[in-house]
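Everything below concerns the one structure shown next.
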Amino acid sequence: MELTKKYWKGVDELKETPEFLQNRDEEFPKGTTVDEFLNEDGVAESSPARRDFLKFLGFSVAAATVAACEAPVVKAIPYVNKPENVTPGIATWYASTYYDGNSYASILVKTREGRPIFIKGNKEQGFTKGNTNAQIIASVLGLYDSSRLTSPTKNGKVTNWTAVDGEIKKAIADVKAKGGKVTLVSNSIISPSTYNAIKALGAAVGGTEENGNFEHIQYDAQSYAGIRKANMESFGEAFIPDYDFSKAKTIVSVGADFMSGWLMSTQYTNQYGSRRNPDGEWMNKHFQFESNMSITGSNADNRAMIKPSEQANVLAYMLKAMGAPVSGVSTELSKPATKIADLAIKALRESKAASLVVAGSNNAAVQILANKLNMKLGAYATTININDKVNMFQSEDDKMNKFVNKVIGGKGPDMILFCGVNPAYSLPNGDKFAMALSKIKTTISFSAHPDETASKCTYICPDHHALEAWNDFSPKASHYSIAQPTIRPIGNTAAAQESMMVWGGTAKRGGKDSKEYYNVITSNWKQFGFDVQTEVASWDEYWGMAVHNSVSPDTIMPATVPIFNEGALSGLASKLPKKGKWEVALYQKAGIGVGDQANNPWLQELPDPISKVTWDNYITMNPTDMGNDYQLTFDQETGLSLATVKMGAKSMTLPVYPSPGQALGTVGVALGYGRGANGEKIGTAAFQTKEYGGAVEDENGNPKPIGANAFAFVGMENGTMSYNGEVSINKEEGSYLIAATQIHHTVMARNSIVKETTLGTYKSKDQSAYNKKWTLQKLDEHGNHVEAPMAEFDLWDAHPVEKIGHRWAMTVDLNGCIGCGACLIACQSENNVPVVGKDEVRRGREMHWLRIDRYFASDIEAAVGSRKDHDLSKISFMDAAEDTAENPTVVHMPMMCHHCNHAPCETVCPVAATTHSNEGLNQMTYNRCIGTRYCANNCPYKVRRFNWFNYPSYKKFTEINPAQDDLGRMVLNPDVTVRTRGVMEKCSFCVQRIQEGKLVAKEAERPVMDGDVTTACSDACPTNAIIVGDWNDLKSIVRTSSDDKRAYQALEEVGIKPNIWYKTKVRNHENKELAGLQQEHKVEAHGGHGEAHGEDHGKKAHH
Amino acid sequence: MKISINQMFRNYNKWCFGLLSMALTVFTFNSTAQGDALFKAKCASCHNPHKDNTGPKLFQVRAKWADGGAKEGSIYTWVNNWQNAAATDPYAKAVSAWSPTAMTAFPELSVEQINSILDWVDEQPLPGAAGPADDGGLTTEVVGETEETSNTWMWVLLGAIFFTVIAAIGGVRRQLNNATALAEGKDVNDGASYLDEFKSWAYYNKGKVGVSAMLIVLTLAVWGLQGLGNIGVVSGYQPSQPIEFPHSVHSGINGIDCKYCHNSVDQGKSAGLPTVNVCMNCHKQIKGNTPDQIAKISKIYDAAGFNPEGAGSYTGKTKPIIWNKVHALPDHVYFPHSQHVNIGGIDCKQCHGDMTQQKETAKIQPIEELNKIEGNVKLTRPTLTMGWCIECHGEKEISTGPIDTKGGGYYAEIHKRLLNNDRKLYDEYLKDGKVTVKELGGWECAKCHY
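Going down the list, the sequences are from chains A and B. Following my numbering, the numbering of the first sequence begins with 172 at its first residue and continues without gaps. Following my numbering, the numbering of the second sequence begins with 5 at its first residue and continues without gaps.
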């Protein structure tokens, strides 16, 4: 009997397939004997005799001894002139801003001896409030990417800036002389100063409003043009408004993954998270209607599965219920979706203006329906601010489409410049576009890599990495920010803006330390910032403050209610997406996004928050749809079935991944894969690697890309890009091996690891209903059986960490954790965690110190034992289980070393390599470790990782491990040892930061305070779900948090006294089964742990 | 590459005559100890009592200012922040034109402290009064330094002689035996070799042989294991350096404070190698007198991109100096200097030894030398081994006796928690009258290894 529901990690576990049972029971397979092992490789014949072995042994001992006597000479090279703000060994932090066309955030960059090594969100400045995502944190690795171009190239050959500038200037003059046309294709530019540079270039071309000789097209791989278009029709102005999720009591999202990827998710996640506290003023209620199981959907209180073509139906259904039916638009929905929609309507009626409806579709017609619904609710002026307009995502789909067709038709301009875009990859007809580029006289790319587009260009004039360059941004109307360089440019690159100005004749090449673009930025900020304010008297102070904070003070833009043009609603039906038997929904993964960082091994190895698959792209399909045709389960040696998805003339073959929660009749394919399909040199980590290293090659000898490019399925619908459509699916022969992380461990019926309840139960019942403490029976002094809390039972003497000194502890709020993976990447970046590659992940040898477990649970089977089909044969059993796996709820649970005070790993180590500190840390001493791996066997949380290889040198990892290349190695944190082969490693609680934090307190002669000690994961968490601190400080936040009534310890019943607390997940929905079970459990006295107290009983009886 | 110590000293005697004599007077007159210490810490890098250096000579400077018509007390303002003084006093403004190098501000110095410095400076005798007299003393000291000769060879030689004698005696005995056997008409035992004889002898004395063999094996094993423990223990490591750097001249004779050059010692993990611009603060003026000195100092100029001709100018062509690292801790050891200096309050010489005596850059002094330093915990393990670290952590106290728990300091809080929550443990810690680093976790792996 369990307190909550049954949780399962994958379909195989739910269905208890024979393969799964075998794997579960043989989690630690029988060892191979040495003879067998040697025989297998045919080494037996040549294997050395015992005497030879002893000779070798003796020789190597002697050689090692002799070698050790000679101390190597190490060089020490001090600065000639020490920069003022660099002290060797001490980190310097810079405030800056991140913007890559997709994500925006105010960041802090940690540099050591002038090298940026870590990025975290800036919690004090900017509207993102410290919020980042995995891609932003991982972008620091891109700085040390050795595949980046280090100088300009012409037709693929390295040249120099002087030559390039001369030729391009001449080309521009030629174009101008004959009145020709120049087109600049860029991603959405939100930098006010960059527009100065573009203007300079336009002027040099002779472009004016009238002649149109200079055209600037903004084009985003993921377009949101539909929202702008819908607002144009609804309100007469094309804009994206500012959404405020922190003000919305009811959130209805129709296909919008607003916590990962959709619009300004770095802003929304934090706002959303701030309202997920069940003890707060109020807790929001979140409804999600979607096709793919997204991060947002996995966190929803109620989630309905709909086809992409039904998005309009959901909105129309709600509008109808609200008394504003839309003629012509169907309101037909499946039964479960109708049920959820009715609940949503009820909630929307209650919250009225404090509601927010967002739609993910890029179809303007769907967005108009969402606008109408928000109007009807009165959400404008409360949760939606139309005056604080978003400057990001200005994609001009229609214009771009016309331009592309012209180029393909041979009617292109005389010169094209590409800035921040890779249309040859991200256009559905990119291959044709790439071929047509050769017909253009001059093509220039500012790309850092010879990517799909740039490799077809005449010139590549590589731009700086964002961490090397000055820039300014205005992500939305009220906000201005600055990006400052944190390192001198590594290569001989130049700011794209400078290049434009040089060719436009308004600047000179300034080399690595050029101030040309910087001067433009400062003069803009002086003119439009300093001169129009009165608070700061001196410019130096003003600019110093702006750079220090990386943002200027926000202007306040009050929201107003716009007037909705009812005419926009007429004739919508014909513009809506077409229904199909099978529909595809394209989506962005948290790590790969639209593929800009496809060569970043950290992001490739980041397990997808839902599927937990690394290094791959696949088709997600509901297990119900897969039926018996497809392979439902997979493991190390069993692959997944392949299938071909076909849309019109385009098709791609990918493995089919069983994804519970995928809407029936739909499949999902992630964008951003299939980079470098023609062997473009975009970095070795973007390609598939062989078992013993080296790239897998295709028939042309090109390295094979990872996955397939799903941008081919992007369509045009009423002048905007569409990311869904009708497809057909055919199963293919053969199977494909997949590397997923969460099939490696099993729950083993320890379902108490997750605790979950509903807001109703939480508010009305006491703690024992949803967070019952474990108790055991003991004999009291009178010989009676009494219940006693777990804390009273000790097998060992307690460590003296409970009250004296420090006790470092962490709480993880399951209500706050959205599973985004930012903490995992931050941990990897902070602790030099090696990348191991697909083959090793498949074998369960990933090295991540922190993983995020994703558990599925369904309301149908509320508890273990409530299922009655254990004895059924496999086939009928699967039928019975189908409903359960169709649309489960999801819990994300970060899992790392719990630093148990009674750690099972410590007692089994034969060499005392893992020991307990008096501050409650489970310490790992790499030098002592001899690699018996007993500790990993004994760890109940399965968080210990073994170094099977020398990742920093073994050839298998050359392609993917950045630590194997001189430049990539620069990203390593000098405060953390790089582990060698044969030792165990695991989360250290960022002990280097603890030591640093204590020293700060000691030097300031004060006790350690909150904020002195943080871990990388808690730094990175966008919703502040992870809290770290000194538990022995009674006033610390972590202590208060762990004393909360929601706090519990995972596997507390094992009696290992961990230093990590989780906080019960509270969902704001109705769940009669769960509520009933928790009520029933409360009434029951102490049933359910018969085994445990039985044993204990016996033990005590001996006394 | 290396020059002998004697030669080096002769050179120094020639060219740092003034400095040397100044330093010698330091040892002679100790009346104003505070002024002495402060002068060395704050002023010595630029000022000299009797000689213009980067800054002007300071002998009788107060009188000079008063005679020059300076305002009352403006010399103190000057030391605190020369700009303030120059703004208010015309004399100070005139002084500010003395050199293009601006004086560092010392806002932390009080009037008394400045007076104590200047009092001490005024007590320094003019150069020439004491210098040559002590020259011989130094030379004697250097001559007295003889190399320690090893007596290992003597033992080897003796062993060889003994072995020869034993072998010879054995041979004679054998001959005699043979002769006797021949005389008595028995078989001459030609077949029995030394080895056979040894074997039979050992067989008959198997008890004694067994015991002594066991002893020998055990001794060898113990000796071998101890030897293994010394692998990687390199004391007196002294790699040659691109530029000879005598600490004895800089911190000894000239009395420059360690922190002036190793200025991150109280901020970060590493004490920091002085950057070339720090060298140039003084060596811009001190260019050397003999060709030998000029050649050596010119290496600094090469690195700094400095042209010493005339008033001197920077060319901008810098190149870093590549030193050979003397103390190279393994990567997995995190030793923060700042913690030991700031929190532990340890003086440089407590671990490094008396650097004022060190003539060539070398590893920190052996443990025997360190144990002689006043206030040091007496340790036994070789320096820069983990044994040395933890031995000190086991002995060194964080506090003696119960700490005042009323204050808000870091350790006060820790002691308060001990006192309130586990009095027994606290009393146990205090049994020896102190709370050691070890008792608060100073022996734990992850305090230094992560």
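Every residue, glycine too, gets a C-beta built ideally from N, C-alpha and C.
Distance CB(residue i)-CB(residue j) smaller than 7 Å
| i | j | result |
| --- | --- | --- |
| A:Ala-761 | A:Ala-1084 | no |
| B:His-453 | B:His-336 | yes |
| A:Asp-413 | A:Asn-556 | yes |
| A:Asn-1109 | A:Val-1079 | yes |
N- and C-terminal bounds of the beta strand (DSSP E) containing residue i
| i | result |
| --- | --- |
| A:Ser-652 | 652-654 |
| A:Ala-262 | 262-270 |
| A:Tyr-1026 | 1022-1028 |
| A:Thr-614 | 613-616 |
| A:Leu-825 | 821-829 |
| B:Gln-271 | From DSSP, B:Gln-271 is part of no beta strand (DSSP E); its letter is neither H nor E. |
| B:Asp-93 | Unbroken run through B:Asp-93: none, as it is neither H nor E. |
| A:Arg-1233 | Per the sequence shown, residue 1233 of chain A should be read as Tyr rather than Arg. Unbroken beta strand (DSSP E) run through A:Tyr-1233: 1231-1234. |
| A:Trp-945 | Segment: none, A:Trp-945 is in no beta strand (DSSP E) and carries neither H nor E. |
| A:Leu-527 | 526-530 |
Contact with chain A by residue i, beta-carbon distance below 7 Å
| i | result |
| --- | --- |
| B:Leu-62 | no |
| B:Thr-322 | yes |
| B:Gln-271 | yes |
| B:Pro-243 | yes |
| B:Ile-301 | no |
| B:Asp-426 | yes |
| B:Lys-263 | no |
| B:Trp-157 | no |
| B:Gly-412 | yes |
| B:Trp-327 | yes |
Residue-chain proximity (residue i, chain B), Cβ-Cβ < 7 Å
| i | result |
| --- | --- |
| A:Ser-445 | no |
| A:Lys-1206 | no |
| A:Gln-1163 | yes |
| A:Asn-1089 | yes |
| A:Val-1035 | The predicted model places A:Val-1035 with a pLDDT of 39, which falls under 50 and marks its position as unreliable; any figure quoted below should be read in that light. No, its Cβ sits nowhere closer than 7 Å to a Cβ of chain B. |
| A:Lys-1173 | yes |
DSSP beta-bridge partners of residue i
| i | result |
| --- | --- |
| A:Met-1180 | Partner(s): none; A:Met-1180 has no beta bridge. |
| A:Ala-814 | A:Leu-825, A:Lys-902 |
| A:Glu-461 | A:Met-476 |
| A:Ser-939 | DSSP, once it has assigned bridges, lists no residue as partnering A:Ser-939. |
| A:Leu-950 | A:His-956 |
| A:Leu-355 | A:His-387, A:Leu-588 |
Residue range of the unbroken alpha helix (DSSP H) whose run includes residue i
| i | result |
| --- | --- |
| A:Lys-1277 | This structure does not reach residue 1277 of chain A, given that chain A is present from 172 up to 1274, and the question cannot be answered. |
| A:Ser-436 | 436-444 |
| A:Ala-401 | 396-406 |
| A:Ser-1284 | Because chain A spans 172 through 1274 in this model, residue 1284 of chain A falls outside it and cannot be assessed. |
| B:Lys-68 | 65-72 |
| A:Lys-370 | 363-376 |
### Query
Of all the beta strand (DSSP E) runs that stay within the bounds of the region 747-773 of chain A, which reach a length of 3 or more residues?
As far as the region 747-773 of chain A is concerned, its whole beta strand (DSSP E) runs of at least 3 residues are 753-758.
### Message
To test your reading of the DSSP string, which unbroken alpha helix (DSSP H) runs of 4 or more residues are found completely within the region 1103-1171 of chain A?
### Response
1105-1109, all fully within the region 1103-1171 of chain A.
### Query
In the region 265-317 of chain A, which residue ranges form an unbroken alpha helix (DSSP H) of at least 4 residues, counting only runs that do not cross its ends?
Assignment of alpha helix (DSSP H) within the region 265-317 of chain A, counting only whole runs of 4 or more residues, yields 305-314 in chain order.
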